[in-house]
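So in the working numbering, spot 99 of the sequence shown is number 856, and the numbers just go up one at a time.
Even for Gly, the Cβ is constructed at its ideal location relative to N, Cα and C.
Some notes on the structure that comes next.
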Amino acid sequence: MKLNERVFEKLSGEPVEVQEFDGRRVEIFYLDDYPDVLNEFINKGKFAVWSSIDGVNYRLGIEKGYYSELTTLYSSKVNQIWLNFWDECEHISSNFSKKIVLPTTLVIVVVFVVLMALSKKLGNVGTYVTLGLAIAYVFAILVLRKFTTNKINAANGDALSLIKKEIGEATFNNLLEKQRNYIDAYYDAQAAQAEQEEEASEETEKDAQVAEESEVEDTNVEETEAEEPVVEDTEADEADDSTEEAVESEAVEALEEKKEE
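As structure tokens, this is what we get:
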């Protein structure tokens, strides 16, 4: 069965493990080596993702710690059960498309063409019939899709039963408990890391702001110190000018007094 073909192309390089059985091949990769794929599926709550482009060669990407904790769930025997499950899903989906959707669609198209050809004779009746057929078609597809989904869920239940039988129900239940604990711990660690990064970012912003304010204050002090000598020189110049004017005034008065004498 074709699965996540885009992911299959991205999971390249040397696999962690290779399993071969029934003429099929499973290559296991750590998703940690492909951060974009890891983030995409971790955000969806998935720590393992199957992919295939031909239903024969499969690539299984798993988060490293998750695989280490739950290696038994991805043994050769268990993966063989999962591949049989994917084959069953393909068979169910194929039957739904070929035996239900395509024939029904063909009938609806033929009836629609006939009604269009007879539209002048049938008038509004043809319109009502066409609308009714369209509604019936959509309803039938939804019901049949639900039926198909139920069959796939039943096949999934059968696969889980076979896995329990293969590894033992006690071991299976223990692994499920480990799975829940690991996933909870993983997301808790991610949340704590995100919080630390946010706090660090806020501290960096505060430090930058303080540094900027300090730089502004230093600049203002430097400008003030640079301006003070200019003020003092100006005052001195004004004092010198006043003194010169006073001396000149006294000299003029002395000359006038001599003239009068």
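query: Residue burial classification, residue 818 (beta-carbon count within 10 angstroms, cutoff 16); result: buried
query: Contact set for residue 777: own chain, Cβ-Cβ below 8 Å, skip 5 residues either direction; result: 783
query: Beta carbon of residue 827 nearer than 8 Å to that of residue 932; result: yes
query: Inter-residue Cα distance where the pair is residue 729 and residue 872; result: In the structure displayed, the chain extends from 758 to 1018; residue 729 sits before or after that span and is not available.
query: Cβ shell of residue 768 (< 7 Å), same chain only, five flanking positions each side left out; result: 786, 791, 808, 816 and 818
query: Any C-beta of chain D under 8 Å from that of residue 895; result: Annotation note: the requested chain D is absent from the structure, which comprises a single protein chain.
query: Given residue 797 as reference, the closest of 909, 764 and 969 once Cα atoms are compared; result: 764
query: Residue 779 versus 844, 771 and 923, residue with shortest Cα-Cα distance; result: 844
query: Beta-carbon gap between residue 846 and residue 909 smaller than 8 Å; result: yes
query: Exposure of residue 989, with buried meaning 16 or more beta-carbon neighbours within 10 Å; result: Here the model assigns residue 989 a pLDDT of 49, short of 50, so the residue's position is not dependable and the matter cannot be decided.
query: Complete beta strand (DSSP E) runs within the region 763–849 (minimum length 3 residues, chain order); result: 774–778, 781–787, 805–809 and 814–819
query: Buried/exposed call for residue 770, threshold 16 Cβ in 10 Å; result: exposed
query: First through last residue of the alpha helix (DSSP H) which encompasses residue 858; result: Per DSSP, residue 858 belongs to no alpha helix (DSSP H) and is neither H nor E.
query: Neighbourhood of residue 795 by C-beta distance below 7 Å, restricted to the same chain and skipping five residues each side; result: 788, 789 and 820
query: Contact belief for residue 842 with residue 912 at Cβ below 8 Å, rounded distance in angstroms; result: 6 Å
query: Closest residue to residue 923 among 810, 895, 839 and 958 (Cα-Cα distance); result: 839
query: Inter-residue CB distance, residue 857 and residue 899 (contact presumed, cutoff 8 Å); result: With 8 Å as the limit, residue 857 and residue 899 do not qualify as a contact, their Cβ atoms being about 12 Å apart.
query: Beta-bridge pairing of residue 888 - partner residues as DSSP gives them; result: Paired residue(s): none; residue 888 is not in a bridge.
query: Pick from 814, 773, 969 and 772 that is closest to residue 762, judged by C-alpha positions; result: 814
query: Inter-residue CB distance, residue 885 and residue 865 (contact presumed, cutoff 8 Å); result: Not quite, the Cβ-Cβ distance comes to about 15 Å (not below 8 Å), so this is no contact.
query: Same chain, Cβ closer than 8 Å to residue 987, five either side skipped, listed in chain order; result: Unreliable placement is indicated for residue 987, whose pLDDT of 48 sits below 50; the coordinate value is still reported in the next sentence. None.
query: Selection from 834, 773 and 781 that minimises the alpha carbon distance to residue 758; result: 781
query: Assumed close pair residue 831, residue 939 - CB separation to whole angstroms, cut-off 8 Å; result: That belief does not hold up - the Cβ atoms of residue 831 and residue 939 are roughly 14 Å apart, past 8 Å.
query: Beta-carbon spacing of residue 849, residue 905 below 8 Å; result: yes
query: For residue 917: DSSP bridge partner residues; result: Partner(s): none; residue 917 has no beta bridge.
query: Given residue 919 as reference, the closest of 834, 774, 775 and 812 once Cα atoms are compared; result: 834
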